[in-house]
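Q: Pasting a structure here, questions to come.
Protein chains in written order, with our numbering: chain Y, 24 to 171; chain P, 1210 to 1622.
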């Protein structure tokens, strides 16, 4: 009966929600920042470590829905080994996908499982919260970021 | 038992549903089940018709024109004030001030009593308030140096009476209390609270935003100084609400906004304010909203607020009983005295996922912090899902709610 919901809630999303990757605090992080969605109360703390001009480790903690948890899990996996520029380019691409703009879906790799979110305006911010948080961290923000 | 059966026969929910056009639609291929009434209620045809009728026949500005349309508009507007007076059993319609809603009414009072407060004074609220009955008082404290005191709640979401009592003292200069909690459904013992506060001469504002569609209110029996509510939760349009205030209180208060209609004489040296309630109604008001509010109350009166309450209580009881059969479900707010709100969390499933998955089954529930973040913090949850019932909900819709929850638990695995 909920078949059409599978476009949004793909099995990969349930998997990342049940067993989020990189879900831990990082004691020796180079930077950390909080992200907050005041509309729904989702909170994320993002930790990043750099080495040789690249993101060498990424992790997160927080409380959120399946969409935001899966998005943070996938994001922290995919940005490891990327330069800041590469990560920001990916954010831009992900944001386009989430808001329903035309993108080359292959460029998004595993992140494509979140493509269904663009059909749910109320949930787009769930998927983009981790990415907005990363973007703010990379830009050197220190204050918590919000999606509003 | 016989009485219950009799009420069920008399209360014709299917006939009531016919009066609410919006209910008769499908969402994503499923019959709409609207259970977000604590956020806003749907509007009966009588209210919608009153709006159309006003704009098609009587539209004019009030309290000024001598022409026929203006007289008609003024009469309709002032009749609505009488309807609200009767609904609350106020002693005179002059004690009814129209506002945008409960929030504006609270702000109006907070603004109007500012001059009475100084450093060292205390304002008392409870831990179950909606943000709209917290923030205006915080702002007032900031302005006056008064201190905000918060009466705590227990694990069931009930006021802890002894602690409340201990917080009331000669320092307490004002109290603002929710009649019914929007996040938990708890109904406060406001009569006892008012009586206690009055022993210390503390004026009391009751936030009736949630209670008003479910509980018969008699402001004279309660003896509260202020009672506020929003129309849109009472089957009326958005953007209209009312403040009841005892005349002696309203007369002492400074105006909220300056402008037309709230004055009697204006010169560049001095302005003489208009009488209560007009002193608080600056500018052209929400005339059609007010007329819609009057129509909504007339409609409620044809069904009967006590009959509505009995029906909703039966829905709540049934929903509570059925939901307890779901292992993963925990009800947030289990007060002994509760209105028709079922706030819940599901183990391992975030309320926002619940909201989306319920919507897919045609069921509208609220997911979020319900503008009561301190309540969420107290229960250690980021948010809850909330089903809230109104006069047109049915026991079959409760069944749909329960089936919907079971479906999504299965999907989540």
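Every residue, glycine too, gets a C-beta built ideally from N, C-alpha and C.
(1) Just the C-alpha distance for residue 1568(P) and residue 1560(P), rounded to the nearest angstrom, thanks.
(2) Quick one: grab the DSSP three-state call for residue 1531(P).
(3) When the Cα of residue 1378(P) is compared with those of 1267(P), 1457(P), 1405(P), 1426(P), which residue comes out closest?
(4) Find out if the Cβ-Cβ distance for the pair residue 1303(P), residue 1486(P) is shorter than 8 Å.
(5) Which of helix, strand or coil does DSSP assign to residue 1452(P)?
(6) Does residue 50(Y) come out as helix, strand or coil in the three-state DSSP assignment?
(7) Any idea if residue 1212(P) is buried or exposed, counting beta-carbon neighbours within 10 angstroms, 16 or more meaning buried?
(8) If we count the other Cβ atoms within 10 Å of its Cβ and call it buried at 16 or more, is residue 1233(P) buried or exposed?
(9) Whole angstroms is fine: what's the gap from residue 1224(P)'s alpha carbon to residue 1396(P)'s?
(10) What is the rounded straight-line gap between the Cα of residue 1415(P) and the Cα of residue 1388(P)?
(11) Quick check on residue 97(Y): does DSSP put it in helix, strand or coil?
(12) Beta carbons nearer than 9 Å to chain P: which residues of the region 69-83 of chain Y have them?
(13) Taking the beta strand (DSSP E) that residue 1542(P) falls in, what are its first and last residues?
(14) Taking any Cβ of chain P, which residues in the region 97-114 of chain Y have a Cβ under 8 Å from it, in chain order?
(15) Checking contacts by CB at 8 Å: is residue 1591(P) closer than that to chain Y?
(16) Taking all protein chains shown into account, do 16 or more other C-beta atoms lie within 10 angstroms of the C-beta of residue 1611(P), making it buried, or fewer, making it exposed?
(17) Any contact of the region 1573-1593 of chain P with the region 32-49 of chain Y, i.e. 3+ C-beta pairs under 8 Å?
(18) Determine whether the Cβ of residue 1565(P) lies closer than 8 Å to any Cβ atom of chain Y.
(19) Return the first residue and the last residue of the alpha helix (DSSP H) that residue 1395(P) is part of.
(20) So with CB distances below 7 Å, who are the chain Y contacts of residue 1191(P)?
(21) Is DSSP giving residue 1359(P) helix, strand or coil here?
(22) Helix, strand or coil for residue 72(Y), going by three-state DSSP, please let me know.
(23) Ordered along the chain, which non-local residues of its own chain (more than five positions away) have a Cβ less than 7 Å from that of residue 1357(P)?
(24) Cβ of residue 1437(P) within 8 Å of Cβ of residue 1299(P)?
(25) I think residue 87(Y) touches residue 69(Y), with their Cβ atoms under 8 Å apart; what is that distance to the nearest whole Å?
(26) Just to confirm before moving on: does the CB-CB distance between residue 110(Y) and residue 147(Y) stay below 8 Å?
(27) Does any CB atom of chain Y fall closer than 8 Å to the CB of residue 1577(P)?
(28) Starting from the N-terminal side, write out each stretch of the alpha helix (DSSP H) that is 4 residues or longer and does not extend beyond the region 1574-1616 of chain P.
(29) Can you list, in chain order, the residues of its chain with a C-beta nearer than 6 Å to that of residue 91(Y)? Leave out the 5 residues immediately preceding and following it.
(30) Taking the continuous beta strand (DSSP E) assigned at residue 1387(P), which residues delimit it?
(31) Among residues of its own chain, excluding the 5 on either side of residue 1443(P), which ones have a beta-carbon nearer than 6 Å to its beta-carbon?
(32) Buried or exposed for residue 1341(P), please, with buried defined as at least 16 other CB atoms from any protein chain shown within 10 angstroms of its CB.
(33) Return the CA-CA distance between residue 29(Y) and residue 138(Y), expressed in angstroms with no decimal places.
(34) Tell me the DSSP secondary structure of residue 1630(P) in three-state form.
(35) Ends of the alpha helix (DSSP H) at residue 1404(P)?
(36) Could I get the ranges of all uninterrupted beta strand (DSSP E) runs contained in the region 1273-1309 of chain P, with 3 residues as the minimum, in chain order?
A: So, to answer that:
(1) Indexing the second chain from 1 puts residue 1568(P) at position 359. Indexing the second chain from 1 puts residue 1560(P) at position 351. Whole-angstrom Cα-Cα distance: 12 Å.
(2) By one-based count along the second chain, residue 1531(P) stands at place 322. If DSSP states are grouped into helix, strand and coil, residue 1531(P) belongs with the helices.
(3) Position 169 of the second chain, counted from the first residue, corresponds to residue 1378(P). Closest option to residue 1378(P), Cα to Cα, is 1405(P).
(4) Within the second chain, residue 1303(P) is the residue found at index 94, counting from 1. Within the second chain, residue 1486(P) is the residue found at index 277, counting from 1. Their beta carbons are under 8 Å apart, which means residue 1303(P) touches residue 1486(P) by this criterion.
(5) Residue 1452(P) sits at position 243 when you count from the first residue of the second chain. Looking at residue 1452(P) - three-state DSSP - the assignment turns out to be strand.
(6) Reading the first chain from its first residue, position 27 is the one you call residue 50(Y). Residue 50(Y): coil per DSSP, three-state reduction.
(7) In the second chain, the residue the question calls residue 1212(P) occupies position 3. Low local confidence applies: a pLDDT of 48 at residue 1212(P) is under 50, so the model's placement there is unreliable, and no value is given.
(8) Within the second chain, residue 1233(P) is the residue found at index 24, counting from 1. Classification of residue 1233(P): exposed, given that the 10 Å Cβ count is below 16.
(9) What you label residue 1224(P) is simply residue 15 of the second chain in a count that begins at 1. What you label residue 1396(P) is simply residue 187 of the second chain in a count that begins at 1. Going by the C-alpha atoms only, they are around 29 Å apart.
(10) What you label residue 1415(P) is simply residue 206 of the second chain in a count that begins at 1. What you label residue 1388(P) is simply residue 179 of the second chain in a count that begins at 1. In a straight line, the C-alpha of residue 1415(P) is about 6 Å away from that of residue 1388(P).
(11) Position 74 of the first chain holds residue 97(Y). In this structure, residue 97(Y) counts as helix in the three-state DSSP scheme.
(12) So the list is empty, because no residue satisfies the distance condition.
(13) Within the second chain, numbered from 1, the residue matching residue 1542(P) stands at position 333. Premise fails: residue 1542(P) is in no beta strand (DSSP E) and is neither H nor E.
(14) Residues passing the 8 Å Cβ filter: none.
(15) In the second chain, the residue the question calls residue 1591(P) occupies position 382. Taking Cβ atoms only, chain Y reaches closer than 8 Å to residue 1591(P), which makes this a yes.
(16) Locating residue 1611(P) in the second chain gives position 402, where the first residue counts as 1. Result: buried.
(17) At 8 Å Cβ cutoff, the stretches do not touch.
(18) The residue given as residue 1565(P) occupies position 356 in the second chain. Closer than 8 Å to some Cβ of chain Y, the Cβ of residue 1565(P) qualifies, so yes.
(19) To locate residue 1395(P), count along the second chain from 1; it is residue 186. Following the DSSP letters along the chain, one finds residue 1395(P) in no alpha helix (DSSP H), marked with neither H nor E.
(20) What the structure shows of chain P is the stretch from 1210 to 1622, and residue 1191(P) is not part of that stretch, so it cannot be assessed.
(21) Position 150 of the second chain, counted from the first residue, corresponds to residue 1359(P). In the structure shown, the three-state DSSP call for residue 1359(P) is strand.
(22) Taking the first chain and counting its residues from 1, the one referred to as residue 72(Y) is at position 49. In the three-state scheme derived from DSSP, where H, G and I count as helix and E and B as strand, residue 72(Y) is classed as strand.
(23) Working through the second chain from its first residue, we reach residue 1357(P) at position 148. Taken in chain order, the residues that qualify are 1332, 1334, 1346, 1347, 1350.
(24) By one-based count along the second chain, residue 1437(P) stands at place 228. By one-based count along the second chain, residue 1299(P) stands at place 90. No, Cβ-Cβ distance for residue 1437(P) and residue 1299(P) is not below 8 Å.
(25) Here residue 87(Y) is taken as the residue at index 64 of the first chain, counted from 1. Here residue 69(Y) is taken as the residue at index 46 of the first chain, counted from 1. Rounded, the Cβ-Cβ distance is 12 Å, inconsistent with contact.
(26) Within the first chain, residue 110(Y) is the residue found at index 87, counting from 1. Within the first chain, residue 147(Y) is the residue found at index 124, counting from 1. Not a contact, by the Cβ cut-off of 8 Å.
(27) Sequence index remark: in the second chain, residue 1577(P) carries index 368 (1-based). Judged by the 8 Å Cβ criterion, residue 1577(P) is in contact with chain Y.
(28) As far as the region 1574-1616 of chain P is concerned, its whole alpha helix (DSSP H) runs of at least 4 residues are 1582-1588.
(29) Counting from one through the first chain, the residue named residue 91(Y) turns up at place 68. By the criterion of a C-beta distance shorter than 6 Å, residue 91(Y) is surrounded in its chain by 65, 149, 152, once the five residues flanking it on both sides are discounted.
(30) Counted from its first residue, the second chain places residue 1387(P) at position 178. Start and end: 1381-1387.
(31) Here residue 1443(P) is taken as the residue at index 234 of the second chain, counted from 1. Closer than 6 Å at the Cβ level, and outside the excluded window around residue 1443(P), lie 1421, 1422, 1505.
(32) Translated into the one-based positions of the second chain, residue 1341(P) becomes position 132. The C-beta of residue 1341(P) has 16 or more other C-beta atoms within 10 Å across all chains shown, which makes the residue buried.
(33) What you label residue 29(Y) is simply residue 6 of the first chain in a count that begins at 1. What you label residue 138(Y) is simply residue 115 of the first chain in a count that begins at 1. Residue 29(Y) and residue 138(Y) have their alpha carbons spaced roughly 12 Å apart.
(34) Residue coverage of chain P in this structure runs from 1210 to 1622, which leaves residue 1630(P) outside it and unanswerable.
(35) By one-based count along the second chain, residue 1404(P) stands at place 195. Counting along the chain, the alpha helix (DSSP H) containing residue 1404(P) begins and ends at 1399-1408.
(36) For the region 1273-1309 of chain P, whole beta strand (DSSP E) runs of length 3 or above, ordered along the chain, are 1305-1308.
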